[in-house]
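Let me begin by presenting the structure, written as structure tokens, before commenting on it.
In this note's numbering, the protein residues as written are 95 to 715.
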């Protein structure tokens, strides 16, 4: 679809508006879609460079940000960044988004980049700020978020002299979790360093880049420098698969007796879900979501009659699976090496652009290093013209639809069994939220032990459009609230709701203050089970002393009880605590009213504790 749309725009067959709609329907962010449209329709690729004279490093940075269409700087200021911060005064088109801690600052930039298409720009202070932000840089790296992180360093003139917060090799702190970490050594190479950082952050596969800038580089002035236009820096591009590889993959799928399609993490991010639906329908093939361990965003139509849900164990089938198509998948195996999720005896085809995930610890017979959406579109085009065994397809469809329907019945029965429970069952909470949340909402989730029920009962259909789901797979808690605020900055006209655990909320709630300051309200629903439930499960799973005595050390955070709502009010948000469905409905109405008046709202929902050790969850050391 993307390739066809691009050629249509270049040849005049479709309008720019139609082209943008096609890209956004495929999951391409608005900013990236606009840039692709501009590059594809530009007849004059030789846009003049900008010459800047008698400029400080701060002014050079602002000129670069303006050229690249950056509208927000996410930051927490320090003295080393003064030369840049001062220059922002003359660039009112670039807003400064102040955060109270570098962790939420980075999470906000991450959420913003995912919705806008990025890259987002962060400005933090010294080795201390970089250390504070590192957990959220880990998350951005895990999920390929295009974020440029500028770190203010102590002056070059003081290097190795033991100055306060000396920043010798500060960028190395983040090196393992960035695509690149380097520094601009002089005002003269600052513009080209910024350009390199932005291009690296957004090129496939995208990810965070850290650029260190010494204080005397930002405050120092040079007679002349140039800023190369973004138009001449290469637009975001698609990695296209080789036609011969596509033909071979399509032939294998067409001849398969029982194929399995896996909708991986790359598809909700960069497109390809619609094409995978087409392939499934043509073949009558079962479709699995990505693995539970991958914590991938939802997006494949949850009510599709061939969909089996998130992969939580080996895919079951009455007939041997002979061909597997992994489309942008991640972390395909569980920690237990004796439990393979897909049969290795099958012919395995994999496509995607995240080379650190491809064929990581399982065999692959055909590896298509390419944009998964582009590869699926090409495969679908060949399958549409292929001669298939219609009787075999029909029989396969009936069997797979029955399997999918049985799963949906099981989920419905599990939900019915929770009726009237108080505190609320997490299944009931998610099902009610699914009914109450606006169909156009951006939903950010950091549920940890509630992730399974969220993926089972939350409906996000990226093919139909409407809701967008953001989730982090990096494992650093405190991402959810900040990411929601960043998403709201990128899409101010859409409702944004964060579903987070009580532990997660306490790691990153400072972002609520920024939401109020920016008048970008978000709704936060806390899944409050008064503990680190996932940790209790892990300890209980050892079947050791904790399980034998009911003493799970370091797990209970309900004594003393945390008043999450009072803390939220301290940051300017509203809120309330609820523990049943009627209270939840009323609270969601009040949250909507608060959002309409520019105020965030926190709903602290007491939920039932589940799983191993739940009967002893009230014990504390």
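Here a beta-carbon is modelled for each residue, glycine too, at the ideal position from N, C-alpha and C.
Q | Supposed contact pair residue 295 and residue 241 - C-beta distance, whole angstroms, cut 8 Å | A | 6 Å
Q) So, is residue 712 buried or exposed, given that buried needs 16 or more other C-beta atoms within 10 angstroms? A) exposed
Q. So, are the CB atoms of residue 157 and residue 217 less than 8 Å apart?
A. no
Q.
Contact between the stretch 272-289 and the stretch 142-162 is defined here as three or more beta-carbon pairs at a separation below 8 Å; is this criterion met?
A. yes
Q) When DSSP builds the beta bridges, which residues end up paired with residue 149? A) 316
Q | Stretch-stretch touch, CB-based, cutoff 8 Å, three pairs: the stretch 566-585 with the stretch 598-608 | A | yes
Q. Are the C-beta of residue 440 and some C-beta of chain D separated by less than 8 Å?
A. Looking at the structure shown, chain D is missing, and only one protein chain is on hand.
Q) Can you give, in chain order, each stretch of the beta strand (DSSP E) that sits fully within the stretch 607-651 and has at least 3 residues? A) 617-622
Q | Helix, strand or coil at residue 218 [DSSP, three-state] | A | strand
Q. What is the DSSP secondary structure of residue 473, reduced to helix, strand or coil?
A. helix
Q) What do you get for residue 123, buried or exposed, if any count of 16 or more other CB atoms within 10 angstroms of its CB means buried? A) With a pLDDT of 49 at residue 123, under the threshold of 50, the predicted position of this residue should be treated as unreliable, though the coordinate-derived value follows. Answer is buried; the Cβ neighbour count reaches 16.
Q) What are the start and end residues of the alpha helix (DSSP H) that includes residue 658? A) 658-664
(Q) Quick check on the DSSP output: what are the complete alpha helix (DSSP H) runs of length 4 or more inside the stretch 256-321, in order along the chain? (A) 284-296, 309-313
Q) Cβ of residue 686 within 7 Å of any heavy atom in the ligand GDP? A) Absent from the structure shown: the ligand GDP. Ligands present: none.
Q) So, helix, strand or coil for residue 433, using DSSP? A) coil
Q.
Please tell me whether residue 608 and residue 192 are closer than 8 Å, where the distance is taken between their beta carbons.
A. yes
Q: Output the boundary residues of the beta strand (DSSP E) element that contains residue 380.
A: 380-383
Q.
Could you check whether residue 293 and residue 247 sit closer than 8 Å to each other, using their CB atoms as the reference points?
A. no
Q) Which residues in the same chain as residue 182 place their Cβ atom closer than 8 Å to its Cβ, once the five residues preceding and following it in sequence are excluded? A) 152, 156, 167, 188, 190
Q | Pick from 224, 548, 235 that is closest to residue 271, judged by C-alpha positions | A | 235
**Q.** the stretch 626-636 touching the stretch 648-667, judged by at least three CB pairs closer than 8 Å
**A.** yes
Q) What three-state label does DSSP hand residue 155 in the structure shown? A) helix
Q) Which one or two residues does DSSP pair with residue 190 in a beta bridge? A) 167
Q.
Whether or not the stretch 348-365 and the stretch 458-470 are in contact is what I'm after, with contact meaning three or more pairs of Cβ atoms, one per stretch, closer than 8 Å; do they touch?
A. yes
Q: Please go through the same chain and pick out, in chain order, the residues whose beta-carbon is closer than 8 Å to the beta-carbon of residue 675, but skip the five residues on each side of it.
A: 518, 522, 526
Q. Going by C-alpha distance, which of 639, 638, 626 is nearest residue 724?
A. Residue 724 lies beyond the stretch modelled for the chain, which goes from 95 to 715, so this question has no answer here.
Q. Which residue from 477, 697, 564 puts its Cα closest to that of residue 617?
A. 697
Q.
Am I right that residue 238 and residue 335 are in contact with their C-beta atoms under 8 Å? What's the rounded C-beta distance?
A. At roughly 19 Å, the Cβ-Cβ gap does not stay under 8 Å, so residue 238 and residue 335 are not in contact.
Q) Any idea which residues DSSP pairs residue 353 with across the strands? A) 417
Q) Any idea if residue 549 is buried or exposed, counting beta-carbon neighbours within 10 angstroms, 16 or more meaning buried? A) buried
Q: Could you please give me the residues that DSSP links to residue 462 through a beta bridge?
A: 445
Q) Roughly how many whole angstroms lie between the Cα atoms of residue 591 and residue 545? A) 15 Å
Q | Beta-bridge partners of residue 370, as assigned by DSSP | A | Its beta-bridge partners do not exist; DSSP assigns none.
Q) Can you give the Cα-Cα distance for residue 428 and residue 383, rounded to whole angstroms? A) Low confidence applies to residue 428: its pLDDT is 48, below 50, so where it sits in the model is not reliable, and the reading given next is rough at best. The alpha-carbon atoms of residue 428 and residue 383 are separated by roughly 15 Å.
Q) Along the chain, which unbroken stretches of the alpha helix (DSSP H) at least 4 residues long are found entirely within the stretch 662-704? A) 675-690
Q) For the putative contact between residue 423 and residue 374, defined by C-beta atoms under 8 Å, what is the C-beta separation to the nearest angstrom? A) The Cβ separation is near 15 Å, so there is no contact.
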